[in-house]
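Below is one structure, written out as structure tokens; comments come after it.
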Amino acid sequence: MITIYNHHHALHHGKVEMFRGELVPCFEIPARADYVLQELERRNFGPVQAPSEFGNEAITRVHARRYVDFLAGAWDEWVALDPANAQRDAFPSYWPIRTFRSDVLPASFPARMGLFSYDAGSPLTSGTWQAARAGACCALTAVQRVNAGARSAFALTRPPGHHAGADFFGGYCFLNNAAIAAQALRDAGAARVAVLDVDFHHGNGTQAIFYDRSDVFFASLHGDPHTEYPYYLGYADEQGEGAGLGANLNLPLPRGSDFARWREALARALAAIASFGAEALVVSLGVDTFAGDPISGFRLQSADFVQVGADLAAAGLPTVFVFEGGYAVAEVGINTVNVLEGFAQRG
Ligand SMILES: NCCCCCC(=O)NO
Ligand SMILES: [Zn+2]
């Protein structure tokens, strides 16, 4: 399997995040991608390539231009507020919750930070834009490989993307790499594309981007949002709207779910994707479903991820994998490459 690796990912390196009321060291750190790369190389698991360069138009097929423009200039605006800000990550402090307007574009940078975000857990750093943009290029390059005939390709990148919506960041995510990949597959001629999110957390951003569309099917199995982040989306009654009604499937599972129960939900998602008639598949590959993950709550073991890959391969679709979550850093490489190996073995 071909891996497209984001050599610039470490430019995004948050110092702290707000977690349950206190500033704690970031969980989403550069070592995560480094450990996956090391494991790929240790197993000699196929070529690792750099992404091609793409213009912002492939990004604005999914993200609002005013959001992309904001992200591109955010760090400079943050430092312009106060030179001392160069030593600290940028965080939002205010958000346009219900009854506030979000159609206006405030002059205030702090106000725009809240307009374009939904949580205080996602530090924006000096290199975040460069890293996130290179990550989108990784996803687009992985799509190019699959469109050129490869059975699958893996975009090894951070920051992750599935919580990012058309015009907001959050959940450590800034650009939605999976959504960018799905849209690129559509633009290259696939009439029906599915996005399958196997991360512990619901891909609220991806769901929202495609929610009213019938050409992209979104399926996610994840921690029940009644108790698990992102809390406010990911419920089973969310089935799409308008033309997209029936093209969204949420399979929430209780904290503590084991692999057997999780695998049943995976089978349901894959059956729905087959019924939809998807011609290509994007997998939001988070491995924070691992029992040892510090911020999640399922009980998959490392060996289970091989079976996950085999189950995904059985779908028989050209597949683009996009790296999402997974914070048990010592095992993130093993768990991620186990999925890819299980997939490749069933090839
Ligand atoms: N800071 C709150 C938890 C963010 C979850 C990030 C993640 O792994 N999403 O898939
Ligand atoms: Zn996650």
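Under UniProt numbering, residues 1 to 347 are what the sequence shown spells out, in order. C-beta: ideal position from N, C-alpha, C; glycine also. In this text, all values refer to a predicted model and were calculated from it rather than measured experimentally.
- A Cβ closer than 5 Å to some heavy atom of ligand 2 marks a residue here, and those residues are 199, 200, 201, 286, 288, 325.
- Across the set 104, 27, 44, 124, the C-alpha of 104 shows the shortest separation from the C-alpha of residue 66.
- Boundaries of the alpha helix (DSSP H) harbouring residue 185: 177-187, taken from the DSSP string.
- At the C-beta level, residue 233 and residue 239 stay beyond 8 Å of one another.
- In this structure residue 17 is in contact with residue 26, their Cβ atoms being roughly 5 Å apart against a cut-off of 8 Å.
- If only complete runs of 4 or more residues are kept, the region 138-226 shows the alpha helix (DSSP H) at 177-187, 204-210, in order along the chain.
- DSSP, reduced to helix, strand and coil, places residue 280 within a strand of the structure shown.
- Take residue 15, set aside five residues on each side of it, and the residues of its chain with a beta-carbon closer than 6 Å to its own are 89, in chain order.
- By the CB criterion at 8 Å, residue 200 and residue 298 fall inside the cutoff.
- Secondary structure of residue 307 (DSSP, three-state): helix.
- Closest by C-alpha distance to residue 302, out of 331, 280, 29, is 331.
- When the beta-carbon positions are compared, residue 220 and residue 141 stay at least 8 Å from each other.
- Its Cα nearest to that of residue 61, the residue 187 stands out among 24, 192, 252, 187.
- When the five nearest sequence neighbours on each side are left out, the beta carbons in the same chain lying within less than 6 Å of the beta carbon of residue 259 are those of 300, 304, in order along the chain.
- 311 is the residue among 211, 189, 311 whose C-alpha sits nearest the C-alpha of residue 338.
- In the three-state DSSP reduction, residue 253 falls in the strand class (E or B).
- Counting only residues of its own chain and dropping the five nearest sequence neighbours on each side, residue 150 has a CB closer than 7 Å to the CB of 2.
- Residue 114 and residue 43 have their C-alpha atoms spaced approximately 43 Å apart.
- DSSP, read as helix, strand or coil, puts residue 109 in helix.
- For residue 118, DSSP records no beta bridge to any residue.
- Checking the DSSP bridge columns, you'll see residue 322 partnered with 155, 284.
- Looking at the DSSP output, residue 25 sits in a beta bridge with 16.
- Within its own chain, the residues whose Cβ lies closer than 6 Å to the Cβ of residue 147, once the five positions on either side in sequence are excluded, are 188, listed in chain order.
- If you check the CB distance, residue 35 and residue 333 come in under 8 Å.
- In this structure, the C-beta of residue 318 stays at least 7 Å away from each heavy atom of ligand 1.
- Within the same chain, 240, 241, 242, 243, 244 come within 8 Å of residue 212 by CB-CB distance, once the 5 residues on both sides are set aside.
- For residue 2, the enclosing beta strand (DSSP E) starts and ends at 2-5.
- Set against 7 Å, the gap from the CB of residue 17 to the closest heavy atom of ligand 1 is smaller.
- For residue 336, the enclosing alpha helix (DSSP H) starts and ends at 329-345.
- Counting along the chain, no alpha helix (DSSP H) covers residue 86, and no H or E run does either.
- The straight-line gap separating the alpha-carbon atoms of residue 251 and residue 21 is approximately 29 Å.
- Look at residue 48 here: in three-state DSSP terms it is strand.
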